[in-house]
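Colleague: Sequence order for the protein chains is A and B.
Under my numbering, the first residue of the first sequence is numbered 1107, with each subsequent residue one higher.
Under my numbering, the first residue of the second sequence is numbered 652, with each subsequent residue one higher.
Even glycine gets a Cβ: it sits at the ideal position worked out from N, Cα and C.
Small disclaimer: the values here were computed from a predicted structure and weren't measured.
First the structure, which I've put down as structure tokens, then a few questions once you've had a look.
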Amino acid sequence: MSDDEPLPESFDAAQAREWLARADAVGAAAAASASWPAVAALLGLGAATSMGTMAMALTTGAAYLACMLAMFVWLGVSLACVIGFGRSHKLGFRRRWGGYIALWAAAYAVAIAIATSPQGRGVVGACAAAALILVVTVGCAWREARA
Amino acid sequence: MTTVPGEPAWQRLVPQFAHPLRFSIIAALAGADSLDFRDLRNGVQTSDSTLSKQLKVLEDAGLIAIRKSFVGKYPRTSARLSDAGRTAWRTHLQALREIAGSPDEG
């Protein structure tokens, strides 16, 4: 590619449209490549904690401990995904990420409260608690993918 | 960057963005807080050396900021638009839109 710059006067309408289309395409591709680690991490976070919440409500003893161990492994994988692959960030990502984590934490706290209540220690209560986390984290991942 | 009333749109085009690769670099950075060197290189589909050279031109013009850091033992370079660069990009895009919308202009 040459270092020569075309004179600005040389731009006509067709060229301008071509450059604008290129700007849109390159910008969209860059944004998409920057968002996937956060989207993957949010989905991993949601999957791990919703399944963990179900385990909390439906299992006891060694089964419960095994489920919690698996959940923490998946939380670690999700965190590593953000740290290892999240080298680039979409415009406004840091502000949105704080919001996503706050929403997830609030949903998880409510889900734990449901799962540990007498009404929550059944299949329906456990599913409701897990569904709450699922809806929140998938919503956050969707929002980030579309941002 | 100021706009003079009645000034033709082409006069508001930013010369540094007339270069195709620099235009693509800025277009990629415009949608991001920051982009990693590798992601940027893959996005604009060029070589490391060519990208480095054009990033230096844009940095020297004050249009982007380069950040070098280490993650563990590994160097990591990222780039972002400076405030001046973001303003210049908006001006450039607006001028292009005006040219695109009025075939007699430019």
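Closest to Ala-1138 (chain A) by C-alpha separation, out of A:Leu-1197, A:Ala-1235, A:Ala-1208 and A:Val-1244, would be which residue?
Modeller: Nearest C-alpha to Ala-1138 (chain A): A:Leu-1197.
Colleague: Under 7 angstroms Cβ-Cβ, which residues of chain A neighbour Ala-751 (chain B)?
Modeller: Ordered by position in chain A, the residues that pass the 7 angstroms Cβ test against Ala-751 (chain B) are Ala-1119, Ala-1122, Arg-1123 and Leu-1126.
Colleague: Quick one: what does DSSP say Ala-746 (chain B) is sitting in, helix, strand or coil?
Modeller: In the structure shown, Ala-746 (chain B) falls within a helical segment according to DSSP collapsed to helix, strand and coil.
Colleague: Could you tell me the distance, in whole angstroms, from the CA atom of Ala-683 (chain B) to the CA atom of Cys-1233 (chain A)?
Modeller: If I take the Cα positions, the gap works out to 38 angstroms.
Colleague: Name the two residues that bound the continuous alpha helix (DSSP H) containing Thr-1155 (chain A).
Modeller: 1119-1164
Colleague: Is there at least one Cβ from chain A nearer than 8 angstroms to Phe-721 (chain B)'s Cβ?
Modeller: no
Colleague: Hey, how far is the Cα of His-743 (chain B) from the Cα of Leu-691 (chain B)?
Modeller: 21 angstroms
Colleague: Only counting the same chain, and skipping five residues up and downstream in sequence, which positions put a Cβ closer than 7 angstroms to that of Asp-755 (chain B)?
Modeller: Any reading at Asp-755 (chain B) needs caution, since the residue's pLDDT is 46, under 50, leaving its predicted position unreliable; the model's value is listed next. Here the set comprises nothing.
Colleague: Would you mind telling me which residues of chain B sit closer than 9 angstroms to Gly-1167 (chain A), beta carbon to beta carbon, in chain order?
Modeller: Residues of chain B passing the Cβ test: none, with the nearest at roughly 40 angstroms.
Colleague: I need the boundaries of the alpha helix (DSSP H) containing Thr-1222 (chain A), first residue and last residue.
Modeller: 1199-1222
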